[in-house]
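> All residue numbers for the sequence shown refer to full-length UniProt numbering, where the first residue is 1 and numbers rise by one.
The structure under discussion is supplied below as structure tokens; questions concerning it will follow.
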Amino acid sequence: MKLTEWTMEEQEQLIEFMTNNSWPFHGQEHPVRALIEKTIEEGGYKSDQVRTFWIENDEGEQVGVVKIFDLQDDIPLFDLRIADPYRGKGYGPKALKMIADFVFSLPEKKIRLEGNTRHDNFAMRKAFERTGFVKEAHIRQTWFSPRENRYYDAVTYGMTREDWEAGVITPVHWDDEFLNEKKSNFNPVLFNFPDEFDSKRLLIRSPRREDAGHIYEAILRSMESLRPWMPFAQKKPVLAEIESNLVESEADFKLRKDLRLHFFSKETGEFIGSSGLHRIDWEVRKFEIGYWVDHRFEGKGYVTEAVDRISRFAFEELGANRVEIRCDPENVRSRAVAERLNFELEGILRNDSISRIDNKLRDTCVYAKIRQ
């Protein structure tokens, strides 16, 4: 990849780039031609303060554009945009590295480089953190979305010249960090591992927003069998709520807060069920597996196969020291999965939960496997 400086002769090319892509996390999601033309005319893309570059991949395709501004100051800022077809392909972190290399190689010896984004732009936040930028601020209710007519929070990331030159990351020491007696250097957000894998009959992958329809239909079909054990099955599902929940699950997966996983038939592509690794303790490397299955696929061994593969994923890819399965003593199907896979029943927690049927106190079985 490389940065190629934009020239005024490429005005039409820039206008097409800006207007033919969508920018949901910028002030104008769909900027119009007149606005881009006016910005160019006023020096908003090329001046003493501003320089604009095409981001080109190894095939010579223009995959993005970056505008670096406040170049007369000691602390430049930038606006990075990756075109719709190239998002999610790793261009963001590579582009950020090239931007930092350019700014800190300028003869003026800039002291730091700064970037801002909306707090829910998780792809951009992950790109910042993978490139060595440090989160330095979280500013509430400051990023206005004209389309939604509402304010979002914003986050600021920065890189100092000292860190760039030394190739290190110096974290900000927030006040609350000093309250912790022990602070781990491990950052789960930077922990890379596959978000998709398979077993003999199943494709297992992280959740996606487009899974909402499959989830909705599966819950609707399976209400009777799920209702005694699952909080979400107590009332008829609402598609919009499921879609919203999936957006949160995608974000939690990227931030390594919760690793929801869906499993599908390799043969037919049908959604079969949902599982995942929950209640994560990254310091201990402890995970809990939960699971449910579409009623149509009960009794065919799919859940056992999925849980076996996910538990192996936890030990082999995530370095798990402990994987738990917790279930109601009367949930015989769930207990059978744990026992078939040689999870050890470590104990029964008495009066640990509330029944979804009659609101009475229930016990909880705790099964576990540990690293040998």
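C-beta: ideal position from N, C-alpha, C; glycine also.
1. Counting pairs of Cβ atoms below 8 angstroms between the segment 152-164 and the segment 130-139, do you hit three or more?
2. Tell me which same chain residues have a C-beta within less than 6 angstroms of the C-beta of L179, skipping the five on either side of it?
3. Could you give the DSSP three-state label for S206: helix, strand or coil?
4. Go to Q62, then tell me how far its beta strand (DSSP E) extends in each direction, as first and last residue.
5. Quick one: using the 10 Å Cβ neighbour count with 16 as the cut-off for buried, is I354 buried or exposed?
6. Does any CB atom of chain D fall closer than 8 angstroms to the CB of R125?
7. Which of helix, strand or coil does DSSP assign to residue 377?
8. I want to know whether the segment 185-198 touches the segment 142-154 - three or more CB-CB distances under 8 angstroms.
9. Per the DSSP calculation, G276 is bridged to which residue(s)?
10. Using the Cβ count rule (16 or more neighbours within 10 Å means buried), how would you classify K369?
11. Thinking P207 and H262 are a contact (beta carbons under 8 angstroms), I'd like their distance in whole angstroms, please.
12. Taking a contact to mean a Cβ-Cβ separation below 8 angstroms, would you say D258 touches G273 in this structure?
13. Just to confirm, is the Cβ distance from residue 393 to F78 under 8 angstroms?
14. Which residues bound the alpha helix (DSSP H) around A251?
15. Can you tell me whether K110 is buried or exposed? The criterion is at least 16 other CB atoms within 10 Å of its CB, across all chains shown.
16. Only counting the same chain, and skipping five residues up and downstream in sequence, which positions put a Cβ closer than 8 angstroms to that of S22?
17. Whose C-beta lies closer than 7 angstroms to the C-beta of G319 among residues of the same chain, with five residues either side of it excluded?
18. Flag this pair as yes or no: are the beta carbons of E41 and M1 separated by less than 8 angstroms?
19. Where W6 and K46 are concerned, what is the direct C-alpha to C-alpha distance, given to the nearest angstrom?
20. Can you give me the Cβ contacts of E324 inside the same chain, cut-off strictly under 6 angstroms, excluding the 5 residues immediately before and after it?
21. Taking just the CA atoms, how far does G90 sit from S249?
22. By the DSSP assignment, the alpha helix (DSSP H) with T304 in it spans what residues?
23. Are the beta-carbon atoms of A218 and D294 separated by less than 8 angstroms?
24. Under the assumption that L341 contacts S311 (Cβ atoms under 8 angstroms), give the Cβ distance between them as a whole number of angstroms.
This is what the structure gives:
1. yes
2. With a pLDDT of only 49 at L179, under 50, the local geometry of the prediction cannot be trusted, and the value read off the model is given with reservation. If we look at L179 and ignore the five residues flanking it on each side, it has no Cβ neighbours.
3. coil
4. 62-69
5. exposed
6. Included in the structure is just one protein chain, with no chain D present.
7. Nothing about residue 377 can be reported from this structure: the residues present for the chain run from 1 to 372 only.
8. no
9. In the DSSP output, where bridge partners are listed per residue, G276 has R260.
10. K369 comes out buried.
11. 6 angstroms
12. no
13. Only positions 1 to 372 of the chain appear in this structure, which leaves residue 393 out of reach.
14. 239-254
15. buried
16. E29, H30, D84
17. R285
18. no
19. 8 angstroms
20. E288, A368
21. Whole-angstrom Cα-Cα distance: 21 angstroms.
22. 302-317
23. yes
24. 7 angstroms
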